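One structure is given here, and the rest of the page talks about it.
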Amino acid sequence: MKIIFHKGYKNSSYASDTAATEGRTESIMDLLSIQRDYSVIKPKAAPIEDVLRAHMEGHVSRIRQDDKLFQIALLSAGGAISAAEIAFDGEPTFACIRPPGHHASPASCWGFCYFNNMGIALLKLSSEGKIKGAFILDFDAHTGDGTINVLSEYPEIKILNPFSCDRKAYIAEIEERLARIDGVDIIAVSAGFDSYEKDLGKKLKRFDFYLMGRLLKKASKRLCNGRRFAILEGGYYLKDLGKNALAFCQGFE
């Protein structure tokens, strides 16, 4: 399994929000980087032309006014692109990136997000004729409204933000949706670990992250030759964040 990471993601000075908290990426990489079968890939910043497939020029210009923020947002989008490209070539991939992106819409953003990493990555694959259909599972505690908005004109890209309150019903909702989808060229995951029982979402246990990873792996093998990737969104309970990310990856690998 490939892990996408750049030391620039450790920089917590780009903002003062919760996603920029010092130690978030380290808590994950301290565990993922020592797994024998995982290798770490260093991404490049996303080219502006890739960002502009998902965002209006005015939005990009507003983010550009803060150069430190702009550079790390481009680097995060580039990490998502790398994950998608590696996954398309057949290797499961997890991108430990920040800032997150699923609240970034074409002309606006909120919730610690600036560029829509998921939308940028999938639209790049689509623009190159590599994919037409895709399935996105967003298991963050908050609905990925930005991803929905960015991809609203692409009906072949299906998005699931599970809404079930009970953890067993939540997993069942994912299973049921995976059983019904078709026409998928890649499976993508907005991995928000703030849905954890000790985090903001107060719902899922660690085993649930493993189980979701395993379900997605199985579906990808059935639907799209195993093409699958995940990118980091939320997750703020640092004591268990790395363990939860590892559990997901162990199911997903």
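Residue numbers (this note's numbering): 7 to 259. Using N, Cα and C, we set each Cβ at its ideal position, and we do this for glycine too. As the structure is a computational prediction, the values presented were derived from the model and not from experiment.
I165: member of the beta strand (DSSP E) spanning I163 to L166, first to last residue. Rounded to whole angstroms, the gap between the alpha carbons of R70 and L247 is 30 Å. Per DSSP, L238 lies in no alpha helix (DSSP H) segment; the continuous beta strand (DSSP E) that holds it begins and ends at R234 to L238.
Bridge partners of S67 according to DSSP: none are assigned. The alpha helix (DSSP H) runs of length 4 or more contained entirely in the segment 102 to 160 are, from start to end of the chain, 123 to 133 and 151 to 156. By the C-beta density criterion, S67 is exposed, having fewer than 16 other C-beta atoms within 10 angstroms.
Taking V195 as the centre and dropping the five residues before and after it, the same chain places the C-beta of L143 and A236 closer than 6 Å to its C-beta, in chain order.
Counted as a single uninterrupted DSSP element, the stretch harbouring K8 is not any alpha helix (DSSP H) but the beta strand (DSSP E) occupying residues K8 to I10. For the pair S158 and C102, the Cα-to-Cα distance works out to about 26 Å. Beyond the five residues adjoining it in sequence on each side, G232 comes within less than 8 Å, by CB distance, of G96, P98, K223 and S226 in the same chain, given in chain order. Taken in chain order, the whole alpha helix (DSSP H) runs of length 4 or more contained in the segment 170 to 254 are 173 to 186 and 212 to 229. Non-local C-beta neighbours of K74 in its own chain, meaning closer than 6 Å and more than five positions away in sequence, comprise Y20, ordered along the chain. Looking at the DSSP output, F100 sits in a beta bridge with I9 and A236. In this structure, V46 lies away from F94, with their beta-carbon atoms at least 9 Å apart. Between the alpha carbons of D200 and G64 lies a distance of about 31 Å. In the DSSP assignment, S45 falls within the unbroken beta strand (DSSP E) covering S45 to I47. Nearest Cα to F213 within the set R30, R183, L238 and R173: R173. A straight-line Cα-Cα distance of about 13 Å links G84 and L238. P53 is classed as exposed because its beta carbon has fewer than 16 other beta carbons within 10 Å across all chains shown. By the criterion of at least three beta-carbon pairs nearer than 8 Å, the segment 121 to 139 is not in contact with the segment 36 to 44.
Nearest in C-alpha terms to F76, of all of G107, E91, S88 and A89, is G107.
The residue among Y243, K209 and D151 with its C-alpha nearest the C-alpha of S33 is Y243. Taking 9 Å as the cut-off, the beta carbon of A251 is found closer than this to the beta carbon of F100.
Exclusion of the five residues before and after K164 leaves G139, A140, F141, I142, I187 and V190 as the residues of its chain whose Cβ lies within less than 8 Å of its Cβ. Separation of P49 and N122 (C-alpha to C-alpha, rounded to the nearest whole angstrom) is 16 Å.
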